[in-house]
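For the sequence shown, position 78 (counting from the first letter as 1) is numbered 133 according to the numbering used here, and the numbering increases by one without interruption.
Only one structure is covered here, and it is reproduced in the block below.
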Amino acid sequence: MSVLSQPTSTDLGDRLRDAHAVTADFMAEIISQTCRRFPSVGQSGKTARVERLIQSGAWTDAAIALLDLELPQWQIRRLVYDEGEWHCALSRERELPDWLDQSIEAHHADLALAILSAFVEAQRITTPENRTSVPTVRRGISSLYEPMLVDNIG
56 MSVLSQPTST DLGDRLRDAH AVTADFMAEI ISQTCRRFPS VGQSGKTARV ERLIQSGAWT
116 DAAIALLDLE LPQWQIRRLV YDEGEWHCAL SRERELPDWL DQSIEAHHAD LALAILSAFV
176 EAQRITTPEN RTSVPTVRRG ISSLYEPMLV DNIG
């Protein structure tokens, strides 16, 4: 399955922000664009649980189960409802004080969408970049570039 690239994650992030509720189709799209372990052969119980939760429409539980399956090193640090929105913070180091922790925060009027927004952002920043062992060369040399010959006069 494909992993997030920058344009896709921005597009998916915008769609999550603009969505009013989670649907089975939207959840399938999130999984297909962001998940590397789904379906997981080694963790078929967790995969089956996510699928059951999606089929039953338990969106919040499905989002938490997907987080557990895909990003086991990330945990929900804080879920807060304030002024009509759910605020979700994910963290790798939940026991650290807030001011030392580098958490990911997302918010939405729908709890499941707040968790999924934070999940997509965490997945984006933890996705390894496709880098080769050989550095790339910039294309499109400037028109101001002119090769010049320099003799070593010593």
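From the three backbone atoms N, C-alpha and C, an ideal C-beta is built for every residue, glycine too.
Nothing here was measured: the structure is a model prediction, and the numbers come from that model.
Residue i to residue j span [Cα, whole Å]
i: S158; j: W129; result: 9 Å
i: W154; j: E176; result: 20 Å
i: D73; j: P152; result: 32 Å
i: P94; j: E106; result: 9 Å
i: T63; j: W114; result: Low local confidence applies: a pLDDT of 47 at T63 is under 50, so the model's placement there is unreliable, with the coordinate-based value given in what follows. For T63 and W114, the distance between alpha carbons rounds to 22 Å.
i: I180; j: R91; result: 14 Å
i: Q110; j: D69; result: 25 Å
i: E150; j: H75; result: 33 Å
i: T182; j: I131; result: 19 Å
8 Å contact criterion, which residue i and residue j should meet: CB distance rounded
i: L145; j: A167; result: Their Cβ separation, rounded to whole angstroms, is 14 Å, which puts L145 and A167 out of contact at 8 Å.
Cβ neighbours of residue i in the same chain (closer than 7 Å, five flanking residues each side left out)
i: D123; result: K101
i: L134; result: W141, C143
8 Å Cβ cutoff met for residue i and residue j
i: A79; j: R104; result: no
i: L126; j: Q88; result: no
i: L108; j: L171; result: no
i: I86; j: L67; result: no
i: E148; j: D137; result: no
Cut-off 8 Å between Cβ atoms - residues of its own chain near residue i, not counting five sequence neighbours on either side
i: G139; result: A164
Three-state secondary structure assigned by DSSP to residue i
i: A113; result: coil
i: V135; result: strand
i: L71; result: helix
i: E160; result: strand
i: A167; result: helix
i: L122; result: helix
i: M56; result: Summary for M56: the model assigns pLDDT 33, below 50, so the residue's position carries little reliability; its value from the coordinates is reported in the next sentence. Coil.
i: Q98; result: coil
i: A144; result: strand
Same chain only: Cβ atoms within 6 Å of residue i, ignoring 5 sequence neighbours per side
i: A169; result: W141, C143, A161, H162, H163
i: S57; result: Residue placement at S57 cannot be trusted, given a pLDDT of 32 that sits under 50; what the coordinates show is reported in the next sentence. The answer is none, since no qualifying residue turns up.
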